[in-house]
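Remarks on the structure that follows.
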Amino acid sequence: MKPRHKRIALIGGGLAALGIAAALVLNALNSNIAFFVTPTEIAEGKAPQGKTFRVGGMVKEGSLRRDNLTVHFVITDTAKEVPVAYTGILPDLFMEGKGAVAQGRIGADGVFAASEVLAKHDENYMPPEAQHAVDQAQKTGQTLKQ
Amino acid sequence: MIPELGHFALMLALLVTLVQGVLPLLGAQRNQPQWVALARPATAAAFLLVLFSFLVLTWSFYSNDFSVEYVAQHSNTQLPTLYRISAVWGGHEGSLLLWVLMLTGWAQAVALFSRRLPEAMVARVLGVLGLVTFGLLAFVLLTSSPFERLLPAVEEGRSLNPLLQDPGLVFHPPLLYMGYVGMSVAFAFAIAALLAGQLDAAWARWSRPWTTVAWVFLTLGIALGSWWAYYELGWGGWWFWDPVENASFMPWLVATALIHSLAVTEKRGSFKNWTVLLAIAAFSLSLLGTFLVRSGVLTSVHAFATDPRRGIFILILLAIVVGSSLLLFAARAPKVSLGGRFALLSRETLLLVNNVLLVVACGAVLLGTLYPLLIDALGMGKLSVGPPYFNAVFVPIMLPLLVLVAAGPIARWKHAEIGPILRRLWPAALAAVLAGAGLPLLAGEWHAYVALALALAVWIAAAIVLQTVERFKTGKPTASWWGMQIAHCGLAAFVVGVAMVSTYEEERDVRMSPGETVTVGGHTFKFLGVHDVRGPNYVAARGSFELTKDGKPLRTLYPEKRNYDTSAMPMTEAAIDAGLTRDVYVSLGEPLEGEAWAVRVYFKPFVDWIWGGCLLMSLGGLLAAADRRYRIRVKQSAAATAAAAGATA
Amino acid sequence: MNKFLLPLGIFIVLVALLAVGLNLNPREVPSPLIGKPAPDFSVPRLHAADQSFSPKEMLGKVWLFNVWASWCVSCREEHPLLVEFGKTGTVPIVGLNYKDKREDGQRWLARFGDPYLLSAYDADGRVGINYGVYGVPETYLIDKQGVIRFKQIGPITPEVLQNKIIPLAQELNK
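Protein chains in written order, with the numbering used here: chain G, 10 to 155; chain S, -3 to 645; chain W, 492 to 665.
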């Protein structure tokens, strides 16, 4: 085979591979992205219909209710609220009054059926409860020393 | 006073690295031996100063010096000593100091183990490493000093994030950083060769073992992180395609391409420009990973503290380091000779395909990782790209790679024939077809996906067995030959693990009261109840589950739900019964009414093969790097290079 | 055209994207409070348990509302800045002592300086919830009509103070 033909074959092969990869990427991107929507946007009817999306905000205090393994709670951005239902075990960092993100679809009844719940916690913020715990730890520390 | 000494040592180190970065490089360019001779002492001084500073920080943690803000933020008197030490790298500032320590450590290792290299080359490599260290040290000193005082001191520190209080996380960051930072050595060798205009087989031979060792660390670091996520986060997954995970995976993909491409450059003198580009890319992606993780431009479940100033600084550093390297590349690459010619079917071509596939896979991961940023930057909304995207793209790209892994080591350099390859591999092909048809039936239902994966794994393994048999006929194989085969075996094991666990795993979230049972994958858990236990710095609700299979008791598992004294977040500690062919996994959810608990149970067939495969890959890498041909005298290798040059001319 | 410049080109595009990305904040849950009236409340004052404070008292003034606590390390970082800013008298600063012990809060101000016109005392964090407080510190700039104009999550930095808060406060004060 002549060097020129070889070069053409290599470049052609490379382009074909890139083309296939690009097709894969575009196809997969199209069906696997989830937009992030706030409760206010849901109230304004801006939520994507019939598609999976994410809603984020704070878990409203006192809204957590358990029904066997199904958990109901309310995510609020302090202006509007959206009720969420999730079946399964919540992540450790999930707590009332803390930030959370739920991924799923909104039902005809206006309840957001979550397939996944993520809770976030920034290490720079100190939750007030932590200080309480530090106080507790100091107290125990002092008792131990005595 | 002691923390100030650490801070002062860092400032001195900054000056020393400036010397290390400037004079030897100039000396090598201008042929000034006395400047070149500065490289090694400056490197040693920088290493010792940073080591001292790191030990000072460790001492501040050990002695609970809460007048240091970083210590107060990340440690606590109640913390067990081991975690008090590992808390040194539990936050941003300390992680960066560890990064710099490792960078100077790698440079020191190069200085020690490069006695056989030409002095000018060593001076250039150490000089480039010195410049990179200077940039990072400036970053530490200007934006993230771990020695900032908090006066008056607080009486008690805030303690380490409970997620990080785990043996896996004691070793995960250092290993990962060793890998990240190790890429800087491959990078420095590449830049030194570009500066010297000496891109040749000798350069590839010198940088190969360093690259391989860095790759081993990166592999181990990623595997350990994945294993930690599996047992500690309590979600039972081993890979989430989270931006932080992707940040470490992208350099790995490119580094894997690099170690293969270096083989071609060393043996045949081809692909020189491509290899240099990969070396630059591997280190750039390590820096990019640091940027993505530390700047907070991407949201991640790993919530690191972020600070936009730091983001800008790393971005500028990235732009300077990578931009200038790529500019140098563009200036020097056109003059580089093409090296040995090769036919369309040859080992060179197969390795080129390997490289293209790995780089395309890396590109797809990069795109998926940055896509939310792109859409946000265009003002089109906030979104996230889910794991299905990565699976849908990544798996098809990897399939041809798995097919070719078996053929690559058999194909001859320069010019290969399809006939002999097929003649030698047909037993492997037969074994693969049989395995694909039969093996999945043993595990349960037959699925095309798992059949394909098992067939490919058997294909790779059988080809290795065939090659080993043949190789022993012609003499004793070298360490690097074994290294390659073992690493490829690891890949096969990894594929088995991934395919089996993603097809046959069973997961159930159930409500259980004491005395109730639940069965997954033929294993029955009987819930015995929950009682409280006291740990060194936490209180835990400990559940007891009796595990039986076919009526035979295996053992009792004790998953925990821990409440650390200094944190409001509960922590799930899963209990795992690990085995060669399956893990069974139980974790406690939340208490429900009465004595009932929400419980999550998993059956994970072959999941340990995933990490076992990674261990094999690392072992293979170590063997390859230990090959004695990297330790023979430079004169011989120079002679060999001259001979190779003569042969190709 | 040198084909070896291509990698550099790709890299420049990437860096440009990242630079733009740095100015976006994916963590920012868009605060719907901006442009809305500040939620009303009435709680005791930190230094005088028998007197109460309500945002209504501040109507007609542009003011800064700063959520802090004695147990919060980041608050210590921003505090000197607030003390300095308080001395300039640009706008009055009201503190909200969040989930704290009264004596701890008072002692903390005595030690580090008190830039506040007064501090409201939110022992159980009720007020914080209404304001969507995720963590401490957080700071709000509220205009003469009692509408929230700016919100800072996390400690105030000199840049934020110089480039955002002061210009906006002067604008609103006109």
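All C-beta atoms, glycine included, are put in the ideal place defined by N, C-alpha and C.
Keep in mind that this is a model prediction, so the values were computed, not measured.
6 Å Cβ shell around residue i - same chain, five flanking residues per side excluded
i                 : result
Tyr626 of chain S : Pro205
Glu503 of chain S : Tyr598
Gly221 of chain S : His168
Val212 of chain S : Ser614, Gly617, Leu618
Below-8 Å beta-carbon distance, residue i vs any chain W residue
i                 : result
Phe287 of chain S : yes
Ile308 of chain S : yes
Phe300 of chain S : Interpretation of Phe300 of chain S is limited by its pLDDT of 42, a score under 50 that renders its predicted location unreliable; the figure taken from the coordinates is listed afterwards. Not one chain W Cβ lies under 8 Å of Phe300 of chain S.
Leu348 of chain S : no
Gly221 of chain S : no
Val250 of chain S : no
Cβ shell of residue i (< 7 Å), same chain only, five flanking positions each side left out
i                 : result
Val535 of chain S : Asp528, Asn559
Pro405 of chain S : Gln463, Met480
Pro136 of chain G : For Pro136 of chain G, the predicted structure reports a pLDDT of 36, less than 50, and the residue's modelled location is therefore unreliable. A value from the coordinates is still provided. Here the set comprises nothing.
Gly609 of chain S : Gly486, Leu487, Ala489, Phe490, Gly493
Gly432 of chain S : Ala447, Leu448, Leu450, Ala451
Leu137 of chain S : Leu6, Met7, Leu10
Trp231 of chain S : none
Residue i in three-state terms, based on DSSP
i                 : result
Lys578 of chain W : helix
Ala510 of chain W : helix
Pro601 of chain S : strand
Gly233 of chain S : coil
Val64 of chain S  : strand
Gln643 of chain W : strand
Val128 of chain S : helix
Phe121 of chain G : strand
Leu258 of chain S : helix
Tyr134 of chain G : At Tyr134 of chain G the pLDDT is 39, less than 50, meaning the model places this residue with poor confidence; the figure from the coordinates comes in the next sentence. Correct three-state label for Tyr134 of chain G: coil.
Ser282 of chain S : helix
Arg75 of chain G  : strand
Ser71 of chain S  : coil
Trp409 of chain S : coil
Tyr79 of chain S  : helix
Ser610 of chain W : strand
Ser222 of chain S : helix
Ala94 of chain G  : strand
Arg36 of chain S  : helix
Residues sharing a beta bridge with residue i, DSSP
i                 : result
Gly108 of chain G : G:Met67
Ser540 of chain S : S:Gly525
Residue-chain proximity (residue i, chain G), Cβ-Cβ < 8 Å
i                 : result
Pro384 of chain S : yes
Asp505 of chain S : yes
Ser380 of chain S : yes
Pro566 of chain S : yes
Tyr367 of chain S : yes
Gly647 of chain S : With chain S running from -3 to 645 in the structure shown, residue 647 of chain S is simply not present.
Leu588 of chain S : yes
Arg26 of chain S  : no
Cβ of residue i within 8 Å of any chain S Cβ
i                 : result
Ile20 of chain G  : no
Ile42 of chain G  : yes
Asn654 of chain W : no
Val651 of chain W : no
Gly119 of chain G : no
Pro571 of chain W : no
Val91 of chain G  : no
Ala146 of chain G : Low confidence applies here, because Ala146 of chain G scores a pLDDT of 36, under 50, leaving its location unreliable and the question unanswered by this model.
Val126 of chain G : no
Arg13 of chain G  : no
Residues of its chain near residue i, where Cβ-Cβ distance is below 8 Å and the 5 sequence neighbours each way are ignored
i                 : result
Ala299 of chain S : Confidence is the limiting factor: at Ala299 of chain S the pLDDT is only 41, short of 50, which leaves the residue's position unreliable, though a coordinate-based value still follows. Excluding residues within five positions, none has a Cβ falling inside 8 Å.
Q. In the segment 48 to 74 of chain G, which residues sit with their C-beta less than 7 Å from some C-beta in chain S, listed in chain order?
A. Under the 7 Å Cβ criterion, the segment 48 to 74 of chain G contributes Arg63.
Q) Got a sec: which bits of the segment 590 to 604 of chain W sit with their beta carbon under 7 Å from any beta carbon on chain S, in order along the chain? A) none
Q. Listed from N- to C-terminal order along the chain, which residues in the segment 322 to 342 of chain S have their beta-carbon within a distance smaller than 7 Å of any beta-carbon of chain W?
A. Leu322, Leu323, Phe325, Ala326, Ala329, Pro330
Q. Which residues, in order along the segment 475 to 494 of chain S, keep a beta-carbon less than 8 Å from a beta-carbon of chain G?
A. none
Q. Taking a cut of 9 Å between CB atoms, which residues from the segment 53 to 81 of chain S lie near chain W?
A. With the criterion set as a beta carbon lying under 9 Å from some beta carbon of chain W, the members of the segment 53 to 81 of chain S are Glu65, Ala68, Gln69, in sequence order.
Q: Compile a chain-ordered list of the residues in the segment 499 to 518 of chain W whose CB is closer than 7 Å to at least one CB of chain S.
A: Leu499, Phe502, Val506, Leu508, Leu509, Ala510, Val511, Gly512, Leu513, Leu515, Pro517, Arg518
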